[in-house]
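Each remark here refers to the structure printed beneath this line.
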Amino acid sequence: MTSQVSSPAEQADSTVVGEQRRAAGTKDVRRLERVVIRFAGDSGDGMQLTGDRFTSETASFGNDLSTLPNFPAEIRAPAGTLPGVSSFQLHFADHDILTPGDAPNVLVAMNPAALKANVGDLPRGAEIIVNTDEFTRRAMQKVGYDASPLEDGSLDGYHVHPVPLTTLTVEALKEFDLSRKEAERSKNMFALGLLSWMYHRPTEGTEKFLRSKFAKKPDIAAANIAAYRAGWNFGETTEDFAVSYEVAPATTAFPPGTYRNISGNLALAYGLIAASLQTDLPLFLGSYPITPASDILHELSRHKNFGVRTFQAEDEIAGIGAALGAAFGGSLAVTTTSGPGVALKSETIGLAVSLELPLLVVDIQRGGPSTGLPTKTEQADLLQAMYGRNGEAPVPVVAPCTPADCFDAALEAARIAVTYRTPVFLLSDGYLANGSEPWRVPEPGELPDLAVRFAQGPNHSLEDGTEVFWPYKRDPHTLARPWAVPGTPGLEHRIGGIEKQDGTGNISYDPANHDFMVRTRQAKIDGVAVPDLEVDDPDEARTLVLGWGSTYGPITAAVRRLRGAGEAVAQAHLRHLNPFPANLGAVLKRYDKVVVPEMNLGQLATLVRAKYLVDAHSYNQVNGMPFKAEQLAAALKEAIDD
Numbered sequence: 094m095t096s097q098v099s100s101p102a103e104q105a106d107s108t109v110v111g112e113q114r115r116a117a118g119t120k121d122v123r124r125l126e127r128v129v130i131r132f133a134g135d136s137g138d139g140m141q142l143t144g145d146r147f148t149s150e151t152a153s154f155g156n157d158l159s160t161l162p163n164f165p166a167e168i169r170a171p172a173g174t175l176p177g178v179s180s181f182q183l184h185f186a187d188h189d190i191l192t193p194g195d196a197p198n199v200l201v202a203m204n205p206a207a208l209k210a211n212v213g214d215l216p217r218g219a220e221i222i223v224n225t226d227e228f229t230r231r232a233m234q235k236v237g238y239d240a241s242p243l244e245d246g247s248l249d250g251y252h253v254h255p256v257p258l259t260t261l262t263v264e265a266l267k268e269f270d271l272s273r274k275e276a277e278r279s280k281n282m283f284a285l286g287l288l289s290w291m292y293h294r295p296t297e298g299t300e301k302f303l304r305s306k307f308a309k310k311p312d313i314a315a316a317n318i319a320a321y322r323a324g325w326n327f328g329e330t331t332e333d334f335a336v337s338y339e340v341a342p343a344t345t346a347f348p349p350g351t352y353r354n355i356s357g358n359l360a361l362a363y364g365l366i367a368a369s370l371q372t373d374l375p376l377f378l379g380s381y382p383i384t385p386a387s388d389i390l391h392e393l394s395r396h397k398n399f400g401v402r403t404f405q406a407e408d409e410i411a412g413i414g415a416a417l418g419a420a421f422g423g424s425l426a427v428t429t430t431s432g433p434g435v436a437l438k439s440e441t442i443g444l445a446v447s448l449e450l451p452l453l454v455v456d457i458q459r460g461g462p463s464t465g466l467p468t469k470t471e472q473a474d475l476l477q478a479m480y481g482r483n484g485e486a487p488v489p490v491v492a493p494c495t496p497a498d499c500f501d502a503a504l505e506a507a508r509i510a511v512t513y514r515t516p517v518f519l520l521s522d523g524y525l526a527n528g529s530e531p532w533r534v535p536e537p538g539e540l541p542d543l544a545v546r547f548a549q550g551p552n553h554s555l556e557d558g559t560e561v562f563w564p565y566k567r568d569p570h571t572l573a574r575p576w577a578v579p580g581t582p583g584l585e586h587r588i589g590g591i592e593k594q595d596g597t598g599n600i601s602y603d604p605a606n607h608d609f610m611v612r613t614r615q616a617k618i619d620g621v622a623v624p625d626l627e628v629d630d631p632d633e634a635r636t637l638v639l640g641w642g643s644t645y646g647p648i649t650a651a652v653r654r655l656r657g658a659g660e661a662v663a664q665a666h667l668r669h670l671n672p673f674p675a676n677l678g679a680v681l682k683r684y685d686k687v688v689v690p691e692m693n694l695g696q697l698a699t700l701v702r703a704k705y706l707v708d709a710h711s712y713n714q715v716n717g718m719p720f721k722a723e724q725l726a727a728a729l730k731e732a733i734d735d
């Protein structure tokens, strides 16, 4: 199901499974198919931690889920202000889902700013849990409330639960030797306990997590656990929450296997480690911290036991320079960044094109231009990845479509890089990087064989019969040059950015040779083997929706809605953006209309129009947030009817 759900209070037809409890004087339990919850508060209120913990327990319970963290770019925005609001949205269900949900059924608002920033997203009848302790006159005036929204009738269309979260937390922790300010910091755990009771989430994992997180401060760990339990008990005993809700595990949504909750950046880091093991090459990451890519550097730095070496450079240029040097030395080399960093790395990417060495350039896209929106998502680096270098410098481009798919995309990018001896762009984005979903942990035997063969000796015979090594003599199938590890006897060769002579690699300014080398490098990329594009078209539709990257979830959810309403619409999603799948042109010609939704101003649509002369229609959004399924469905319906 992908349609917007009503709030729990409106689910009059929900299955009531608590008859015995009601007969015994306890609270009813209603079963729901899915729920969307949003935690919102100051950037110092721990909303991301609260959401992460609720997500982890939901994953362990067996629900399908999708998340949307949303936080300010500032490390600590002014307290109580609209720019300082941090939120975490979680959509979980008893069946397969694709997006974090269009609108929350439940909003937990820790202060007036959180309420004002998020109430506009709520459907009528949604539940709002507000921390009444924070609704002081000064706090409300700071965000433009002339009167309390809890008293002026503006929230009459919602089911409001006023809860003095701060007071209750401080009261629950009075036996601990904590100042009031220290005790107040645990109010997010009180809220988490309340929501955990409300939706029957497991508790053991969170309590174990808190003991581990605060292992060096056992009193703080105990206080947070006490606040968490107090929130649970409050939900059980207060009369304001007369009903709790169950969302059964999604038993039919997942093939058999071992699952864990995973974010896109974590999946990408694991995919790079897996690629290192499958290529039998040491993994080297040369990077400079940048939002939203830094988590990959942080994660990989923890895995020295897998032969991973991480280098935090002094700037973006040094990071990729070190990575390219590692590639020359025989490592699986990676550099991670976001759009502004790609701009700085562009000259070295061009050098990697000229040297024809494998290098993974991981771009976690964010809002631009310049510094732009560091913590918001966008898909606007596609043309930069394709053309953002001087000269003719083609590189393959791969894009994952879900957080879990970042693992497979990393393996695919590594396959192309080592097979064709080329830098490869991997285009993720902030939505995938920070969002999470269940991931089936693959068995080792399911991973691709990426074995690499280094050059071992001479590969060319001169006219006089002398055996020599030519660093630019190519494999006839892939056009890849040999990968010669420095120090291998007899394989000494010149490298640099000046144009090479075909075969020998010597410096050459010959016009004909330059023309040949430019065309050969392009032919190598054009010849990269990629799978044909798969099309989902059960009804022989006339309209095709073509997407790439993180728009997969919203597009698929919108297509499901349209098909459920009786509309015929086809869907295809690109992983490989350079080169395109060989059958893409034929696919596009089968349809009267092609609609391309993108979180940019039409970059893929521009490429498709130019290459295939197809009148692709763009549907664009650049507000820093992912598409909503309802919004996309309406736009696609209009395109179908046009």
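First residue of the sequence shown? That's 94 in my numbering, and the numbers climb one at a time after it. Glycine included, every Cβ here is placed at the ideal spot set by N, Cα and C.
**Item:** Segment limits, beta strand (DSSP E) that includes Asp-568
**Value:** No beta strand (DSSP E) holds Asp-568; DSSP gives it neither H nor E.
**Prompt:** Under the DSSP definition of a beta bridge, which residues are partnered with Asp-249?
**Reply:** Note: Asp-249 sits in no beta bridge, so no partner.
**Residue of Arg-273, Arg-278 and Ala-323 minimising C-alpha distance to Thr-296** = Ala-323
**Asked** DSSP state of Ile-442, grouped into three classes?
**Response** helix
**Request:** Report the rounded CA-to-CA distance for Ala-577 versus Ala-675, giving the unit in angstroms.
**Result:** 31 Å
**Prompt:** How many Å lie between Arg-131 and Cys-494 at the Cα?
**Reply:** Computed Cα separation, rounded: 23 Å.
**Asked** Given Phe-283, which residues of its chain have a CB within under 8 Å of its CB, disregarding the five upstream and five downstream residues?
**Response** Leu-258, Leu-261, Thr-262, Ala-265, Ala-320, Tyr-321, Ala-323, Gly-324 and Phe-327
**Request:** Would you identify the three-state DSSP class for Pro-451, choosing helix, strand or coil?
**Result:** coil
**Request:** Compare the beta carbon distance of Met-692 and Thr-644 with 8 Å and say whether it is the shorter of the two.
**Result:** yes
**Request:** Have a look at the DSSP bridge pairing and note the partners of Glu-485.
**Result:** Glu-485 pairs with nothing; no bridge assigned.
**Prompt:** Which residue comes first and which comes last in the alpha helix (DSSP H) that contains Ala-316?
**Reply:** Per DSSP, Ala-316 belongs to the alpha helix (DSSP H) from 311–330.
**Request:** Using a threshold of 8 Å, state whether the C-beta atoms of Val-687 and Ala-709 are closer than that.
**Result:** yes
**Request:** Starting from the C-beta of Gln-724, find all residues in its chain whose C-beta is less than 6 Å away, skip the five residues before and the five after it, and write them out in chain order.
**Result:** none
**Asked** CB Leu-519 to CB Val-455, shorter than 8 Å?
**Response** yes
**Asked** Hey, would you say the C-beta of Ala-658 is under 7 Å away from at least one heavy atom of the ligand COA?
**Response** Absence of the ligand COA from the depicted structure is noted, as is the absence of any ligand whatsoever, leaving it without description.
**Request:** Helix, strand or coil for Asp-388, going by three-state DSSP, please let me know.
**Result:** Helix, per DSSP.
**Asked** Enumerated in chain order, which unbroken segments of the alpha helix (DSSP H) with a length of 4 residues or greater are wholly contained in the region 596–640?
**Response** 604–619
**Rounded distance between the beta-carbons of Gly-400 and Leu-417, thought under 8 Å** = Not confirmed; about 19 Å, so no contact.
**Request:** Run through the region 649–691 for me and flag every whole beta strand (DSSP E) of 3 or more residues, listed as ranges in chain order.
**Result:** Taking only runs of at least 3 residues, the beta strand (DSSP E) segments lying wholly in the region 649–691 are 663–667, 669–671 and 686–691.
**Prompt:** Ends of the beta strand (DSSP E) at Asp-135?
**Reply:** 127–135
**Message:** To the nearest angstrom, how far is the alpha carbon of Pro-575 from that of Glu-592?
**Reply:** 17 Å
**Euclidean distance between Cα positions of Pro-176 and Lys-235** = 12 Å
**Request:** Measure the CB-CB distance between Val-128 and Tyr-352 and report whether it falls below 8 Å.
**Result:** no
**Asked** Beta carbon of Ala-315, beta carbon of Ser-279: below 8 Å?
**Response** no
**Asked** Measuring CB to CB, does Ala-478 end up less than 8 Å from Val-446?
**Response** No; because the gap between Cβ atoms is not below 8 Å, this pair is not in contact.
**Cβ shell of Asp-373 (< 8 Å), same chain only, five flanking positions each side left out** = Ala-544 and Val-545
**Residue closest to Tyr-684, alpha-carbon to alpha-carbon, out of Thr-330, Leu-655 and Arg-635** = Arg-635
**Asked** Just how far apart, CA to CA, sit Thr-273 and Gly-286?
**Response** Note that residue 273 is Arg in the sequence shown here, rather than Thr. CA-to-CA, the gap between Arg-273 and Gly-286 works out to about 20 Å.
**Message:** With H, G and I counted as helix, E and B as strand and the rest as coil, what does DSSP make of Gln-549?
**Reply:** Shown here, Gln-549 sits in coil according to DSSP, grouped into three states, outside any helix or strand.
**Message:** So Ala-207 and Gly-134 are supposed to be a Cβ contact under 8 Å. How far apart are they, rounded?
**Reply:** Right, their Cβ atoms sit about 5 Å apart.
**Message:** Just to confirm before moving on: does the CB-CB distance between Leu-215 and Pro-197 stay below 8 Å?
**Reply:** Yes; because the gap between Cβ atoms is below 8 Å, this pair is in contact.
**Request:** Count the CB pairs spanning the region 645–657 and the region 181–191 that are closer than 8 Å, and state whether there are at least three.
**Result:** In short, these stretches touch, since the Cβ pair count reaches three.
**Asked** Which value, in whole angstroms, describes the spacing of the CA atoms of Gln-97 and Lys-438?
**Response** The pLDDT assigned to Gln-97 is 35, lower than 50, so where the model puts this residue is not dependable, and the model offers no usable value.
**Item:** Element boundaries [alpha helix (DSSP H), containing Leu-261]
**Value:** 258–265
**Item:** Contact set for Asp-632: own chain, Cβ-Cβ below 7 Å, skip 5 residues either direction
**Value:** Cβ neighbours of Asp-632 within its own chain (closer than 7 Å, five residues either side excluded): Ala-661.
**Request:** Pull up the CB-CB distance for Ala-360 and Pro-255, whole angstroms please, since I reckon it's below 8 Å.
**Result:** Incorrect: roughly 40 Å between the Cβ atoms, too far for contact.
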